[in-house]
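Residue 252 is where the sequence shown starts when you use our numbering, and the numbers rise one by one after that.
We put the beta carbon where it would ideally sit given N, CA and C, even for glycine.
One structure below.
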Amino acid sequence: MTLLAIRNLTVRFATRSGAFTAVEAFDLSIERDEVVAIVGESGSGKSVAMLAVMGLLPWTATVTADELRFGDVDLLSLGPRERRAIIGRDITMIFQEPMSSLNPCFTVGFQLSEALKTHLDIDKTARRARCIELLDEVGITDPARRLSAFPHQLSGGMSQRVMIAMALACRPKLLIADEPTTALDVTIQAQILDLLRRLKDETGMGLIIITHDMGVVAETADRVIVQYAGEQVEKQSTRDLFREPRHPYTAALLAALPERVAGGERLPAIPGVVPGQFDRPEGCLFSPRCQFVFERCHLERPGPAGHALGEARCHTPLVGGRPVAQRERVA
């Protein structure tokens with residue numbers, strides 16, 4: 252059964268300069284024991300889409316969707332209290348920057364215990380035992396002693412493990428990990444990814460990983476969603492995406508991976524910058540930076556292609572690294 256189903260999710264923010272759309276027409280589905288990665292540059296709407304699911308956006312945000320369902324529950328029809336019974340228990344999230352996500356004024360044990368106290372009807376002794384069990388599960392040595400530690404006494408990797416323990420406290424069915432390896436050294440990154448994979452295998456939970464690192468995607472994900480400027484531009488299995496990217500943006504991201512460039516050669520870069528909210532092109536959002544652009548790209552916003560072409564939002568999806576049609580091509 253599908254754990255989470257999202258269809259046509261749109262997030263708009265009200266600002267003094269006017270309303271802008273941060274996420275547009277976002278779709279996602281995930282099953283139990285599956286890993287889905289959402290990949291894209293900073294500002295592409297990856298985190299905003301998931302914060303919308305969690306109900307953690309500020310009051311200036313307006314969230315709409317044709318479908319937002321967790322199992323058999325329609326999240327759109329729930330009030331704040333009913334949603335809180337699911338968020339934090341059945342759906343949990345690991346936030347970016349573990350060093351700043353933990354409250355510096357409270358001990359690790361207190362913060363873990365609060366998560367249990369909010370969602371589970373167990374006494375103080377049982378909560379302490381569960382906290383020790385959680386820290387042990389995520390690989391923290393001497394967990395009983397660590398309960399009395401404050402966040403500033405923990406390393407970055409240990410802080411991330413504590414955040415994972417908090418997210419797993421109520422044995423969720425779905426875990427969302429937002430940039431789980433940010434600001435960690437390479438060795439610790441590998442340990443955290445191994446930990447998330449192991450916990451997913453042991454519990455059967457679904458796992459959504461938000462990242463800008465294609466290496467993380469290759470190592471962990473079953474399926475990939477590629478975001479660009481708030482728009483979903485491609486959606487494929489990990490194997491198919493790395494073997495045959497269908498959108499020019501995805502192809503450019505993969506071409507820039509160091510392991511795909513011969514030694515001594517210059518790494519290719521994507522020219523230009525991501526369009527801002529108030530200077531978006533009329534047609535395809537990627538058209539100012541695309542090497543395959545032609546006249547229609549500047550005039551019309553493309554819709555998603557078929558499943559066989561990775562649902563790429565491109566007028567001429569790539570086949571064998573080249574557009575399926577190149578008529579009206581401009582220099």
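Between residue i and residue j, what straight-line distance do the alpha-carbon atoms span, to the nearest angstrom?
i	j	result
Q478	A395	42 Å
V581	L353	Bear in mind that the predicted position of V581 carries a pLDDT of just 39, short of 50, making it unreliable; the figure below should be weighed with that in mind. About 52 Å.
Q542	T358	52 Å
T471	T343	19 Å
T489	A288	9 Å
V484	L569	12 Å
Q577	L327	At Q577 the pLDDT is 49, less than 50, meaning the model places this residue with poor confidence; the figure from the coordinates comes in the next sentence. Taking the straight line joining both Cα atoms gives about 43 Å.
G330	G306	11 Å
A503	A316	30 Å
M465	F493	9 Å
M301	S351	19 Å
E579	R540	Only weak support exists for where E579 lies, its pLDDT of 39 falling under 50; the value from the coordinates is given anyway. For E579 and R540, the distance between alpha carbons rounds to 17 Å.
T432	H558	31 Å
L419	A469	24 Å
I461	S298	7 Å
G390	H403	19 Å
L260	H370	28 Å
G322	L255	6 Å
E318	V324	11 Å
R381	S364	8 Å
Q347	K375	29 Å
D445	I476	21 Å
V544	H463	24 Å
C356	Q362	10 Å
V304	D341	12 Å
E333	L518	50 Å
M417	I373	16 Å
A520	R449	35 Å
L385	R379	10 Å
P574	E275	25 Å
E546	V524	20 Å
Report, in whole angstroms, the separation of the C-beta atoms of residue i and residue j, which I expect to be a contact under 8 Å.
i	j	result
T253	E282	6 Å
C535	P522	That pair is no contact at about 15 Å.
L398	I383	7 Å
L405	A428	18 Å between Cβ atoms; not a contact.
F271	I257	Incorrect: roughly 21 Å between the Cβ atoms, too far for contact.
A556	P526	Actually they are not in contact, since the Cβ atoms of A556 and P526 sit about 22 Å apart, beyond 8 Å.
D473	V286	5 Å
E562	K486	5 Å
L435	G407	5 Å
Using CA atoms only, rank isn't needed, just tell me which of the options is closest to residue i.
i	options	result
S538	L260, H566, S399	H566
S213	A273, V286, V304, L371	The question about residue 213 has no answer, for the chain in this structure spans 252 to 582.
S268	A556, F545, F529	F529
R335	Q347, A366, M409	A366
D284	G457, G561, R378, V290	G457
D387	N259, R412, K375	R412
C548	P532, P555, L560, G561	P532
I338	E516, K424, A563, P309	K424
I439	V467, T454, L550	V467
S421	Q442, D445, K368, I443	Ser is not the amino acid found at residue 421; the sequence shown has Cys there. Minimum Cα distance to C421 is reached at K368.
V290	T313, E482, L518, R379	E482
S280	E546, R573, I459, V575	I459
E495	P309, A507, L426, G572	G572
In the DSSP output, what is residue i paired with across the bridge?
i	result
S488	R474
V437	DSSP output for V437 lists no bridge partner at all.
T272	R263
I427	M344, I459
Y500	DSSP, once it has assigned bridges, lists no residue as partnering Y500.
L319	I257
D325	R320
P574	L569
A286	Note that residue 286 is Val in the sequence shown, not Ala. Looking at the DSSP assignment, V286 forms a beta bridge with L458.
E482	E275, Y479
Stretch pair the stretch 490-499 + the stretch 509-520: three plus CB contacts closer than 8 Å: no
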